[in-house]
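What follows is one structure encoded as structure tokens, with my remarks underneath.
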Amino acid sequence: MQISGAQMVIEAFIAEGVDTVFGYPGGAIMNVYDEIYKQDKFQHILNRHEQASVHAAEGYSKASGKVGVAMITSGPGFTNAVTGLADAYMDSIPLVVISGQVPMSLIGTDAFQEIDAVGISRSCTKHNYLVTDAKDLPRILKEAFYIARTGRPGPVHIDIPKDVTAQIEEFDYDIELDLETYKPHTKGNPRQIKKAIEAIAKAKRPLFYLGGGIINANAAYEVREFVQKTGIPAVETFMARGVLSFDDKLLIGMLGMHGSYASNMAMSETDLVIGLGVRFDDRVTGKLSEFAKNADVIHVDIDPASISKLVNADYPIVGDVKNVVSDMLEQVGKIDSNNYESWRETIINFNELHPLTFHEDSERIKPQWVVKRVGELLGDDANISTDVGQHQMWAGQFYPFTRPRQFISSSGLGTMGFGFPAAIGVKAASPEKTSINFTGDGSILMNVQELMTAVEKKIPVINIILNNNFLGMVRQWQTLFYDKRHSETDLSVQPDFVKLAEAFGGIGYRVKTKEEFDAALKDAVEKNVVAFIEVIVHRMENVMPMVPSGGSLFNMMLLEKKGDK
Amino acid sequence: MTEENQRRVVSVIVINEASVLSRITDLFSGRGYNITSLTVAPIPDSRYSRLTIVTAGSVRVIEQITKQLHKLIPVLRVYEHEDMVEKEMAMIKIPITENLSDINILCEAYNGKIVNTGENTIIAIVTDEPKRIDNFLNAIKRYNPKEIVRSGAVALER
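Same order as they appear, the protein sequences are chains G and W. By numbering that gives the first Met the number 0, the letter at position 361 of the first sequence is numbered 360, and the numbering carries on one by one without gaps. By numbering that gives the first Met the number 0, the letter at position 76 of the second sequence is numbered 75, and the numbering carries on one by one without gaps.
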């Protein structure tokens with residue numbers, strides 16, 4: 000079939016089963032937008048900023064497990080999208096992002112809206128392409144989707160000059176990919192797996208360290224079975240929330256900088272770390288030389304470069320977590336869960352000593368209460384997105400997650416402004432669930448224009464703004480480590496969030512009491528519209544526990560006991 | 000695990016396509032690795048090129064370098080050389096007024112010779128192990144070289 004480069008893009012999307020594209024048109028990508036206009040196989044959601052298009056595609060991908068697709072124009076369209084690419088790269092989210100480029104004849108001439116897009120995206124994508132001939136386009140499109148979703152997933156960027164989208168060539172998508180240099184290793188080495196099982200059977204205080212790779216590999220239910228059958232306690236990273244259900248007796252909690260006391264102590268006391276789909280991020284490990292100091296390490300990951308990068312793995316296993324855990328399950332009979340009884344009791348004692356909790360305040364709502372309350376009212380019926388900051392950590396700590404892909408957050412890059420557009424993508428992927436975005440008075444303003452997107456497309460995202468009139472997390476660090484010099488973090492001057500939501504055609508609520516909050520959330524869910532629920536919360540609340548940056552996991556700042564003040 | 004910086008030679012086989020070299024060098028600069036020298040040329044009768052990179056780092060860093068290189072999509076193979084034959088070339092331009100027979104003897108000791116004579120200068124080439132090239136360049140200083148070019152190392156596993 001002889002078609003234009005622009006039509007090839009559309010045909011490839013259809014062949015890949017894409018049902019939603021997020022994007023923003025402009026000069027260099029107009030040929031493709033013309034073809035979008037003519038087709039009815041997928042919907043296009045017009046975000047109001049290119050960064051939001053990529054975050055929406057990320058949210059869509061994280062909620063659905065499919066490759067997210069975004070489309071943008073050249074120059075500023077592309078540079079606006081870079082933050083999204085970097086965010087997806089850090090969190091291993093499969094995306095295909097297509098940008099327009101000036102025509103081939105103008106490349107290198109500093110033409111209008113020209114920028115070296117592939118030069119910029121090289122360091123924040125899994126792979127990228129500059130298409131110089133439409134003959135290559137079918138192969139490149141097919142490779143892009145394949146590379147994005149296989150191995151350790153990630154964003155792939157395709158930059159297409161305008162004349163290439165107009166060029167007419169033969170289109171055949173039924174081609175065999177010949178990627179001699181890209182062959183992800185998905186099957187774990189059986190001998191290593193056997194050794195790992197033997198190590199688990201011998202360990203006295205083993206600990207599962209569960210990461211986001213489990214969710215990427217769709218392995219949560221295999222991991223649940225493995226945890227159940229071995230009776231070994233587990234900690235989750237922020238990325239792994241929902242792998243185990245919150246009410247699983249073996250789930251200790253989240254570990255790391257704002258992990259629970261019991262989780263961090265368990266990691267410090269364990270004699271065998273069973274790391275599944277993790278990468279020993281600095282926010283998890285704290286001081287490396289003190290991290291799991293007395294433990295051997297089993298590390299299962301699809302990315303060989305993640306293994307022994309920061310913490311030496313005694314039992315390295317390169318492979319897809321789903322495959323490896325399935326193989327391990329076949330030998331699970333060698334492991335006797337009774338051996339870990341006293342270890343489980345130790346952890347219960349840790350939890351009783353310093354449970355993850357907060358103190359209520361009679362005057363103002365505590366932000367943690369809001370998260371817990373949403374969990375009580377919506378629970379499994381909601382998907383939870385967040386922005387970045389204190390509210391994000393409270394969401395990770397206190398929401399009762401019940402399933403994988405329920406929690407969508409910018410973990411590695413920590414991108415403020417991620418939450419609202421991501422929650423739009425989540426709702427597009429999973430319309431049957433309520434899409435909640437926990438955000439702060441700082442973060443929400445970083446992509447607030449998405450009110451228009453959500454209202455126009457009737458995507459009823461409920462944004463819960465935990466308003467403390469501060470850039471809270473930075474304020475917390477200033478309070479603790481900069482002698483209370485709150486440099487540029489006081490956000491007392493604010494818009495009227497209720498009117499702001501209304502100005503775009505959404506609904507706004509300002510709540511100061513628990514009763515008002517319950518009523519607002521109930522109303523927003525019932526009305527099924529785009530909403531801002533602004534909750535006036537305690538200004539100086541800190542996220543606790545906290546491992547100061549670079550400190551050891553067992554040296555936590557803890558919540559003051561009531562009456563300590 | 001030793002944390003000292005070691006000199007290492009790494010060969011990388013890559014698809015010979017646009018921007019592949021930038022992918023490699025961006026990886027080094029972006030992750031703070033060191034490039035001492037880098038040579039590239041196509042492998043005859045194939046779609047691949049071979050890069051020889053001389054780098055330095057601790058054992059852990061070198062391991063990361065090879066793994067990260069492998070992660071790049073167009074990279075076919077990475078050799079972290081242990082037992083190799085390694086050679087480098089140097090070209091030197093020297094005034095014709097210097098003692099040419101002494102220079103020629105010196106070059107011969109390093110697998111080289113005078114390859115060009117001009118009106119005012121001569122050009123000599125030597126080919127040897129990088130360490131010995133260092134020695135040669137020290138020895139040749141007394142003949143007032145005007146220009147020196149080093150090729151960077153190439154290596155083959157034995």
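Note that CB positions come from ideal geometry on N, CA and C, so glycine has one too. The structure presented is a predicted model; accordingly, all values stated were derived computationally and were not measured.
Judged by beta-carbon spacing, Ala202/G lies within the 7 Å limit of Asp270/G, meaning their Cβ atoms are closer than that value. Looking from the CA of Ile461/G, the closest CA among Val528/G, Ile9/G and Val234/G belongs to Val528/G. Asn293/G sits exposed, since fewer than 16 C-beta atoms from the chains shown fall within 10 Å of its C-beta.
One finds nothing in chain W with a Cβ atom closer than 8 Å to the Cβ of Val222/G; even the nearest lies about 25 Å away. Bridge partners of Ile535/G according to DSSP: Asn466/G. Under DSSP, the beta-bridge partners assigned to Gly439/G are Leu465/G. Between the alpha carbons of Ile532/G and Val510/G lies a gap of roughly 7 Å.
A residue is called buried when at least 16 other Cβ atoms come within 10 angstroms of its Cβ; Ile157/G meets this threshold and is buried.
Among the residues facing chain G, Gln5/W is not included, as its CB has no counterpart in that chain under 7 Å away. Counting the other CB atoms within 10 Å of its CB gives Ser45/W a total below 16, which places it among the exposed residues. Going by C-alpha positions, Leu105/W is about 16 Å away from Pro94/W. For the set Glu329/G, Asn217/G, Ala304/G and Ile535/G, the Cα lying nearest the Cα of Ile364/G is the one of Ile535/G. In chain order, Ser18, Ser21, Arg22 and Asp25 make up the part of chain W whose C-beta sits under 8 Å from the C-beta of Arg121/G. Using a C-beta cut-off of 8 Å, the region 159-173 of chain G makes no contact with the region 298-307 of chain G, since fewer than three inter-stretch Cβ pairs fall below that distance. Per DSSP, Leu254/G lies in no alpha helix (DSSP H) and is assigned neither H nor E. At a cut-off of 7 Å, the C-beta of Ala304/G has a neighbouring C-beta in chain W.
Residue pairing by DSSP places Gly22/G opposite Leu45/G and Met70/G in a beta bridge. With 16 or more other Cβ atoms inside 10 Å of its own Cβ, Tyr59/G counts as buried. Boundaries of the alpha helix (DSSP H) harbouring Ser100/W: Leu99 to Glu107, taken from the DSSP string.
Between the C-alpha atoms of Leu490/G and Val524/G there is a straight-line separation of about 29 Å. Spatial neighbours of Glu128/W in its own chain (CB-CB distance under 8 Å, excluding positions within 5 residues in sequence) are listed in chain order as Glu85, Lys86 and Glu87. Within the region 166-179 of chain G, those residues whose Cβ lies closer than 7 Å to any Cβ of chain W are, in chain order, Glu179.
Here the alpha carbons of Tyr109/W and Asp280/G stand approximately 50 Å from one another.
Taking a beta-carbon distance threshold of 7 Å, Gly56/W does not count as an interface residue toward chain G. In the DSSP annotation of this structure, His353/G is not part of any beta strand (DSSP E), being labelled neither H nor E. Where Phe207/G is concerned, the enclosing beta strand (DSSP E) starts and stops at Pro205 to Leu209. Under the three-state reduction of DSSP, Leu479/G is assigned to helix.
For Val163/G, the number of other beta carbons within 10 angstroms of its own is at least 16, and it is reported as buried. In the structure shown, His69/W falls within a helical segment according to DSSP collapsed to helix, strand and coil. Under the Cβ distance rule, Lys112/W does not count among the residues neighbouring chain G, no pair being separated by less than 7 Å.
Pairing Asp25/W with Gly31/W, the inter-Cα distance amounts to about 10 Å. Taking C-beta atoms as the reference points, Ala14/G and Pro93/G fail to come closer than 7 Å. For the region 32-62 of chain W, the set of residues with a beta-carbon nearer than 8 Å to any beta-carbon of chain G comprises Arg59 and Glu62, in chain order.
By the Cβ criterion, the region 16-30 of chain G is in contact with the region 63-71 of chain G, since at least three pairs of Cβ atoms, one from each stretch, lie closer than 8 Å. Measuring C-alpha to C-alpha distances from Gln63/W to each of Val9/W, Ile122/W and Asn98/W identifies Val9/W as the nearest. When DSSP states are grouped into helix, strand and coil, His390/G belongs to the helix group.
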